Amino acid sequence: MRIAVAIDGPAAAGKSTIAKKVALMRNFSYIDTGAMYRAFTWYCLQKGVDCQNEEACVALIPEVNIEFKPGYVVLCNGIDVSKQIRETNVSGNVSYIASYKDIRLALVEQQRKMAAKDSVIMDGRDIGTYVLPEAEVKIFQVASVETRAQRRYLENQEKGIPCTYEEIYADVQKRDYIDSHRDFAPLKPAEDAILLDTSNLSIDEVVIEVNNIIDQKLEELKCQKE
Ligand code: DC
C-alpha cells in the first residue's frame with residue numbers, strides 16, 4: 006500500500022533525523038523540503054541577490070533547478086550544495102525566501118510530483134496543511150527552543166560548520182517567528198496532525214513512536230479496505 010507521511014514542525018526539531026531513519030527502515034523515499042528552500046537561498050546569495058528583495062529573488066525561479074541524489078545529496082543547477090546549504094548565512098536568510106509565495110508555488114509543484122511516485126516521508130512546515138493535505142499520516146514534531154538550538158549546535162559542530170550556540174538560538178527563534186507568521190502556508194499543525202513533543206525523548210524513542218503511528222494507520226487502512 007502506497008502511503009504518505011508528513012512530518013512538520015519548527016526549525017531544528019529533529020524532523021529530518023527521524024524522517025531519514027524511518028524512511029530507511031520502511032524503504033520509503035525521503036524528501037527534505039527545507040533543503041529545497043535552502044538551495045534556492047544559496048543560489049540567491051551566490052548571485053549577490055538580497056534575500057529580502059522579493060521581486061529580485063522571484064525573478065530567479067526559471068534559473069533554479071533543484072534535484073536530490075542518493076545519499077542525501079542536494080544539487081542546485083548540477084552543483085552539490087549539500088554542505089553549503091547548512092551554513093549560517095543560508096540559515097539566516099532562508100525564512101525570507103520561504104515566505105515568497107511564487108517561490109513556494111514553484112517548489113511545492115516539484116514536491117507534489119516527487120511524492121506521487123512511491124511511499125514517501127516528507128518533512129517541512131506545510132506538508133500536512135498544504136503540500137500533501139491528503140497524507141495518511143501527519144505528525145507535528147516539536148521541542149523547546151533550548152533543546153532545538155542545542156541539538157542543531159552539536160550537529161553543526163559534528164559537520165564542521167562554524168557557529169556559536171547563541172547564534173543558533175537566535176536563528177531558531179527568528180525562523181520560528183517568520184515561518185509561523187507568513188501569509189502563505191505558514192508553519193502550523195494540520196487539524197488532523199498528531200503532536201509529538203521530543204524535548205525529553207531520544208532519537209530512538211522518537212523513531213519508535215513514529216513507527217507505531219505509521220503501523221497503526223496502516224492497520225486502520227487495511228481494516229477499512231476489508
Ligand atoms: O527544515 P529546515 O530548517 O531545513 O528549513 C529551512 C527553512 O525553510 C525554514 O526556516 C522554513 C522553510 N521551510 C518552509 O517554509 N516550508 C517547508 N516545507 C520547509 C522549509
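Here the sequence shown stands for residues 6 to 231, numbered as in the numbering used here. Glycine is no exception: its CB is placed at the ideal position from the N, C-alpha and C atoms. This structure is a prediction, so every number in the text was calculated from the model and none was measured.
Roughly how many angstroms lie between the CA atoms of M127 and K25, to the nearest whole one? 9 Å
On the premise that R7 lies in contact with D123, defined as a C-beta separation below 8 Å, what is that separation, rounded to the nearest angstrom? 7 Å
Rounded separation between N10 and A140 - CA only: The sequence given here places Val at residue 10; Asn does not occur at that position. Roughly 6 Å separates the two Cα atoms.
My parser needs the alpha helix (DSSP H) runs of 4 or more residues fully inside the segment 72 to 107; what are they? 93 to 103
If we ignore side chains and look at the alpha-carbon of each, how far apart do L206 and V147 end up? 11 Å
Relative to the C-alpha of Y174, which candidate in V150, N161, K227 and I36 has its C-alpha closest? V150
From V142, Q51 and A154, pick the residue whose C-alpha is nearest to that of D197; which is it? V142
Check whether the Cβ atoms of C49 and L65 lie closer than 8 Å to each other. yes
What residues match up with L192 in a beta bridge as DSSP calls it? Bridge partners of L192: none, in fact.
Any heavy atom of the ligand DC inside 7 Å of the beta-carbon of I132? yes
For a cutoff of 8 Å on Cβ pairs, would you count T38 as touching chain B? Checking the listed chains, one finds no chain B in this structure; it contains a single protein chain.
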